[in-house]
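Participant: Residues in the sequence shown are numbered from 37 upward in steps of one, following the numbering used here.
Note that beta-carbon positions come from the ideal geometry of N, C-alpha and C, so glycine has one too.
First the structure, which I've put down as structure tokens, then a few questions once you've had a look.
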Amino acid sequence: MTTSDTAAEIQREAAPEGVPTWQARLRRYGYAARPQPGVRERLVPPYPSPSPRFPAMFGFSPHVAVRLARWSAWGGPALVALVAGVLRFWQLGSPHAVIFDETYYAKDAWSLYQHGYEAKWPDGADKLILSDNQQIPLSDDPSYVVHPPVGKWIIGLGEVIWGLEPFGWRFMTAVLGTLSVFLLCRIGRRLFRSTLLGCLAGSLMAVDGLHFVMSRVALLDLVLMFWVLAAFGCLLVDRDKARARLAAALPDAAALPDGTVPLHDTGPPDGTGGTGGGVLAGSRLPAPVGDRLGLGLRPWRIAAGICLGLACATKWNGLYVLAAFGLLTVLWDVGARRTAGAGRPGLSMLRRDALPAFLSLVPVALATYVASWTGWFATRGGYFRDWAEKEGQGGSWGWLPGPLRSLWHYETEVYRFHVNLDSGHTYDSNPWSWLVLGRPVSYFYESPEAGQDGCTAADGCAREVLALGTPLLWWAACFALAYALYRWLLRRDWRAGAILCGVAAGYLPWFLYQDRTIFFFYAIVFLPFLCLALTMLMGALAGPPGVTERRRMIGIVTGGVLFLLIVWNFIYFWPLYTGQTIPLDGWRARMWLDTWI
């Protein structure tokens with residue numbers, strides 16, 4: 037580049053007050069700005085074309101390799117989910133016992149399908165249910181329960197199919213655990229625009245110990261996680277479709293008025309770093325697309341509202357996720373309108389997107405939540421079902437239908453229970469310790485003597501089901517969260533912001549209740565976002581486009597070694613995840629921290 041060319045370049049890139057930008061100054065010393073994509077590509081980044089090279093490595097013909105590459109977008113996630121499903125359904129009925137809080141949810145789920153509401157069970161019911169001559173001593177009297185019914189309806193579906201026994205009440209959580217791995221693969225693919233990285237995210241969750249154990253017990257938290265993850269996926273699809281509408285509305289350069297210069301064009305008109313044919317200049321036209329275009333009906337956001345309603349109807353902490361995701365989706369709209377040329381994107385979002393977003397999420401979630409109580413409404417025996425007709429007569433809310441007033445009273449009583457729950461528990465933990473696995477939860481423990489339950493060790497054996505995340509995955513995820521924070525704050529990477537939002541929504545609210553009895557396994561809700569953060573970090577190890585082959589190979593090998601170490605770590609702790617009988621010395625060797633005992 038000659039001196040006159042450099043001067044001309046600096047003049048073109050001068051700031052409004054006539055001062056050259058720092059990029060232009062650096063051009064004198066050989067700086068070359070990275071080519072910027074056009075507005076359409078920034079609104080909807082394309083997916084790279086699938087390469088047939090990987091299938092060809094296994095000896096497939098070129099035609100078959102191309103077809104397999106084309107199917108990889110769905111086939112890869114399906115294969116990862118298949119492996120995850122085989123692991124989760126293997127000996128699902130073992131241990132043949134009612135472990136931890138299965139004593140509540142498995143029985144409540146059965147009574148929902150029998151009565152439409154949770155009924156009381158007598159003391160000793162667990163032994164009668166598990167005995168060879170099974171007895172199901174369910175009464176008609178209502179039971180006071182403190183969680184909404186959706187999770188129990190889902191658990192009960194497996195009991196309806198397979199019966200009231202361990203395999204039956206764990207069946208649906210295993211199904212949702214497998215489906216959540218598939219969902220995360222697809223979500224990761226859409227987030228990173230890479231099938232490989234999407235499958236990596238799903239594979240990480242498939243070999244996480246906490247997700248594995250929670251997929252094999254009849255507790256509510258994995259059900260909650262599934263609906264949160266599904267809602268996030270729906271919002272991602274909605275984001276892409278909304279931005280695609282904005283991109284489709286952008287006029288070509290030929291449609292611009294004479295003399296209008298596309299403001300977002302950052303390169304020559306031949307498409308090398310420019311806008312690919314010219315794009316609407318947001319500040320030069322009276323009605324930029326980002327300001328004037330309404331996005332119409334957005335069914336995927338409504339679907340997200342339904343999923344979030346089902347999350348809240350599983351456990352109440354879904355409310356925090358609803359608030360966080362509602363804020364996230366409107367901030368995405370602000371960014372989309374800014375990219376499409378809106379002069380005041382925040383104001384444009386408030387005018388055109390804020391109210392539809394609220395209506396698509398909050399009222400839809402509320403209606404879904406109320407509908408989840410259909411069994412309680414349709415019967416007369418549920419706890420507090422007749423409160424409005426008896427103790428709750430009169431008052432300023434008397435105009436509401438009695439069943440709704442009764443439900444509201446029930447909810448207020450449950451809220452008081454939750455905020456005042458401070459009784460100690462052997463395995464409760466402070467949320468500060470969750471990311472480093474400070475205090476996992478033992479769901480089941482036995483100490484067989486030599487000759488019992490397959491124990492061959494003279495010193496005796498141990499048999500445990502421990503809700504423990506795969507340690508190397510969680511500890512690596514701590515660094516991944518720091519990297520995501522850097523990407524969000526300093527590089528303005530929306531993907532990192534979305535991941536951090538998911539972690540914050542599932543994690544930070546528990547710091548408000550540190551005096552309450554809480555457990556590590558509540559962290560299952562934000563586990564998928566930890567896997568996405570770690571996937572982003574491992575993808576960054578491979579380097580950005582244009583790096584040398586040596587640099588890329590080193591990054592790929594480093595990421596691959598980390599993944600294999602995580603898989604090995606999962607295999608090492610496998611006996612503690614599945615309740616296998618192992619020598620007591622082997623059990624002690626796996627207690628890496630004293631707080632795990």
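So, for residue 24: in the same chain, excluding its five sequence neighbours on each side, which residues have a beta-carbon less than 6 Å away from its beta-carbon?
Facilitator: It is not possible to answer for residue 24, since the shown part of the chain is limited to 37 through 633.
Participant: Terminal residues of the continuous alpha helix (DSSP H) containing residue 384?
Facilitator: Here the alpha helix (DSSP H) through residue 384 covers 381–388.
Participant: Provide the residue span of the beta strand (DSSP E) that contains residue 478, from first to last.
Facilitator: 477–482
Participant: Would a C-beta distance cut-off of 9 Å place residue 119 and residue 242 closer than the cut-off?
Facilitator: yes
Participant: Would residue 42 be called buried (16 or more neighbouring beta carbons within 10 Å of its own) or exposed?
Facilitator: Low per-residue confidence applies at residue 42: pLDDT is 48, beneath 50, and the placement is therefore not dependable, though the value from the model is reported in the following sentence. Classification for residue 42: exposed.
Participant: Can you list the beta strand (DSSP E) stretches of 3 or more residues lying completely in the segment 535–570, in chain order?
Facilitator: none
Participant: So for residue 202, helix, strand or coil by DSSP?
Facilitator: helix
Participant: I need the DSSP call for residue 618, collapsed to helix, strand or coil.
Facilitator: strand
Participant: Mind checking which residues open and close the beta strand (DSSP E) that includes residue 501?
Facilitator: 497–503
Participant: Rounded to the nearest angstrom, what separates residue 81 and residue 229 at their Cα positions?
Facilitator: 8 Å
Participant: Alpha carbons only, please: which of 271, 117, 327 is nearest the one belonging to residue 234?
Facilitator: 117
Participant: Just confirm the distance between the C-beta atoms of residue 377 and residue 332, as a whole number of angstroms; I'd bet it's less than 8 Å.
Facilitator: No, residue 377 and residue 332 are not in contact; Cβ-Cβ is about 19 Å, not under 8 Å.
Participant: What three-state label does DSSP hand residue 91 in the structure shown?
Facilitator: helix
Participant: Compare the Cα-Cα distances from residue 227 to each of 366, 343, 569 and report the closest residue.
Facilitator: 569
Participant: With DSSP run on the structure shown, which of helix, strand or coil describes residue 155?
Facilitator: strand
Participant: May I ask you to report which of helix, strand or coil DSSP gives residue 178?
Facilitator: strand
Participant: DSSP state of residue 514, grouped into three classes?
Facilitator: helix
Participant: State yes or no: is the C-beta of residue 519 within less than 9 Å of the C-beta of residue 572?
Facilitator: With contacts defined as CB atoms closer than 9 Å, residue 519 and residue 572 qualify as a contacting pair.
Participant: Does the segment 536–554 come close enough to the segment 592–612 to have 3 or more Cβ pairs within less than 8 Å?
Facilitator: no
Participant: Assuming residue 159 contacts residue 278 under a Cβ cut-off of 8 Å, what Cβ separation, rounded to an integer in Å, is found between them?
Facilitator: Wrong, their Cβ atoms sit about 55 Å apart, outside the cutoff.
Participant: Report the rounded CA-to-CA distance for residue 522 versus residue 471, giving the unit in angstroms.
Facilitator: 18 Å
Participant: Which of the three DSSP states, helix, strand or coil, is assigned to residue 588?
Facilitator: In the three-state reduction of the DSSP assignment, residue 588 falls in the helix class, which pools H, G and I.
Participant: For a quick check, are the C-beta atoms of residue 487 and residue 617 less than 9 Å apart?
Facilitator: no
Participant: Between which two residues does the alpha helix (DSSP H) carrying residue 447 extend?
Facilitator: Taken as a continuous stretch (DSSP letters only), the alpha helix (DSSP H) holding residue 447 covers 438–455.
Participant: Considering only the beta carbon of each residue, do residue 260 and residue 192 sit closer than 9 Å?
Facilitator: no
Participant: In terms of alpha-carbon separation, which member of 340, 375, 184 lies closest to residue 360?
Facilitator: For residue 360, the nearest C-alpha among the options comes from 340.
Participant: So what's residue 77 in DSSP terms, helix, strand or just coil?
Facilitator: helix
Participant: Can you tell me where the alpha helix (DSSP H) with residue 164 in it begins and where it stops?
Facilitator: Its alpha helix (DSSP H) spans residues 161–166.
Participant: So what's residue 207 in DSSP terms, helix, strand or just coil?
Facilitator: In the displayed model, residue 207 falls within a helix according to three-state DSSP.
Participant: Assign residue 677 to buried or exposed, taking buried as 16 or more other Cβ atoms, counted over all protein chains shown, within 10 Å of its Cβ.
Facilitator: This structure leaves residue 677 out entirely; the chain is present only between 37 and 633.
Participant: In the DSSP assignment, the alpha helix (DSSP H) including residue 235 goes from what residue to what residue?
Facilitator: Per DSSP, the unbroken alpha helix (DSSP H) holding residue 235 starts and ends at 231–242.
Participant: If you count every other CB in all the chains shown that lies within 10 Å of the CB of residue 514, and 16 or more means buried, which is it?
Facilitator: exposed
Participant: Considering only their Cβ atoms, is the gap separating residue 479 from residue 135 smaller than 9 Å?
Facilitator: yes
Participant: Report yes or no: do the segment 142–156 and the segment 193–206 share at least 3 C-beta pairs separated by less than 8 Å?
Facilitator: yes
Participant: State whether the segment 597–612 contacts the segment 501–516, with contact taken as three or more CB pairs (one from each stretch) at a distance under 8 Å.
Facilitator: yes
Participant: Once you ignore the five residues that flank residue 225 on each side, which residues in its own chain have a CB closer than 6 Å to its CB?
Facilitator: 231, 234
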